[in-house]
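Asker: Heads up: the sequence shown begins at 177 in this note's numbering, then just goes up one per residue.
The beta-carbon is built from N, C-alpha and C at its ideal position, and this holds for glycine as well.
These numbers come from a predicted model, not from an experiment.
Below is one structure. I have some questions about it.
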Amino acid sequence: MSIFRPLSDPTEPNHYQVAGVNVICPHCRAQKFYESRVQCNIYESAYAENEYTGKMATALTCSRCTMMLYFSSKPNKVIG
177 MSIFRPLSDP TEPNHYQVAG VNVICPHCRA QKFYESRVQC NIYESAYAEN EYTGKMATAL
237 TCSRCTMMLY FSSKPNKVIG
């Protein structure tokens, strides 16, 4: 069972920025990524029922090596 579930199909790869910094794949140094929304199922023991909670995130998948990077806030797509 995967802890990440895609909620959207990726489109064409694009360049992205997070906090004003260009996103670069740490594995192959590529700069184009496929974007998809994912739900992260996280076990929260702080709740009385000790249940799984779902939090949304954005996954960027490298177009060259397919390494996935996860961000809790949506990265900015670089146009041009």
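Using only the alpha-carbon positions, how far apart do S249 and A233 sit?
Answerer: 7 Å
Asker: I'd like the span of the beta strand (DSSP E) that includes V194, first residue to last.
Answerer: H191 to V194
Asker: Between the alpha carbons of A206 and V197, how many angstroms are there, rounded?
Answerer: 14 Å
Asker: Could you pull out every residue in the same chain whose Cβ sits closer than 8 Å to the Cβ of S239, ignoring the five residues on either side in sequence?
Answerer: Counting only residues of its own chain and dropping the five nearest sequence neighbours on each side, S239 has a CB closer than 8 Å to the CB of P189, A206, K208, F209 and Y210.
Asker: From V254, V194, G256 and L245, pick the residue whose C-alpha is nearest to that of V214; which is it?
Answerer: V214 has its Cα closest to that of L245, out of V254, V194, G256 and L245.
Asker: Whose CA, out of A195, P202 and Y192, lies closest to the CA of C241?
Answerer: P202
Asker: Residues in the same chain with beta-carbon distance under 8 Å from N252, minus the five sequence neighbours each way, listed in chain order, please.
Answerer: Y192, Q193 and V194
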